[in-house]
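Asker: Please read through the structure below; I'll follow up with questions.
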Amino acid sequence: MIEITCKGLLFDMDGTLVDSTPAVEQTMGDWCKKQGIEPSEFFQHSHGVRTQDNIKRFQTQPVPGHTLSEEELDKAVKELEFLIADNGRKMHEAGGKGIERLPGVSELLDALRKGGARWGICTSATRLYADSALVTGEIGSMPPALPFLITGDICEHGKPHPEPYLRGMDELRKLSGPDFDASEILVVEDAPSGLKSGLAAGCKTLGVATGQPMERFKTFEASYKVVDLTRVEVMSASPEGVTLRLKLLDEE
């Protein structure tokens with residue numbers, strides 16, 4: 001095990017804090033069939049990428065996505081993310097797995113909240129979907145449960161561009177605590193696009209293997225890697241900084 005310190009943390013949402021795989025696979029699998037594309041091809045490249053960017057890349061019906069007007073693209077995004085959130089909520093209410101909080105998340109976030117640490121979420125999802133997923137996953141989407149939320153629909157550029165995490169650091173600076181360099185912020189991610197975004201923003205990155213096949217996850221570039229967030233223990237937390245103890249993937 002190792003101990004690391006940081007001035008604040010920025011978390012991805014889907015695959016890092018909550019698992020929406022069943023809801024996403026049902027909704028996007030149906031969408032892929034309508035587009036005449038293989039779901040396996042879509043899912044190999046879509047995780048951690050904004051829905052609007054996935055539509056631009058993969059949509060074939062009625063026209064290729066890059067020819068959609070801004071209004072048509074926005075409508076398509078809202079329809080798909082509403083369906084994912086709705087399917088996830090219905091699965092959850094029926095006692096199945098639709099959108100679920102991942103192991104270790106509750107303990108980690110509770111420790112950060114208790115200590116008054118600076119943290120927030122930077123997701124590729126829209127606000128519409130993120131709000132629903134965070135409520136269904138019993139994390140919360142508003143202060144005081146969540147200090148702030150950066151969503152894909154307020155960013156000009158999605159991950160792997162650094163903009164989402166640069167915006168996240170801007171929000172961290174608004175919270176009580178000392179100033180910091182980007183290298184003193186820890187980005188927690190499960191997807192390659194998100195890890196690249198965090199690194200491009202100048203942050204340290206913690207990769208969690210909760211959203212990817214292990215063999216693929218091992219090829220991702222990250223400052224640190226763990227199996228899941230049960231391997232992350234908060235040793236101390238305050239507005240000045242956080243000390244974490246990590247059981248690294250190599251130690252498993």
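Counting in the UniProt record's numbering, the sequence shown runs from 1 upward without gaps. For every residue, glycine included, the Cβ atom is placed at its ideal position computed from N, Cα and C. Only a predicted model underlies this, so the values are computations on that prediction, with no experimental measurement involved.
1) What does a CB cutoff of less than 7 Å around residue 87 pick up in its chain, not counting 5 residues either side in sequence?
2) Mapping DSSP to helix, strand and coil, what is residue 218?
3) Look up residue 127 in the DSSP assignment and say whether it is helix, strand or coil.
4) Excluding the 5 residues flanking residue 205 on each side, which residues of the same chain have their C-beta closer than 7 Å to its C-beta?
5) According to DSSP, is residue 135 part of a helix, a strand, or is it coil?
6) Whole angstroms are fine: how far does the CA of residue 113 sit from the CA of residue 231?
7) In the DSSP assignment, find the beta strand (DSSP E) that holds residue 11 and state where it starts and stops.
8) Between which two residues does the alpha helix (DSSP H) harbouring residue 91 extend?
9) Just grab the DSSP bridge partners of residue 267 for me.
10) Check whether the Cβ atoms of residue 133 and residue 152 sit closer than 9 Å, and answer yes or no.
Answerer: The structure says:
1) 23, 26, 27 and 98
2) coil
3) helix
4) For residue 205, same chain residues with a beta-carbon under 7 Å away, outside a window of 5 residues either side, are 187, 189, 195, 198, 199, 222 and 223 in chain order.
5) Three-state result, residue 135: helix.
6) 19 Å
7) Run containing residue 11: 8-11, per the beta strand (DSSP E) assignment.
8) Its alpha helix (DSSP H) spans residues 70-93.
9) This structure cannot speak to residue 267, because the chain is shown only from 1 to 252.
10) no
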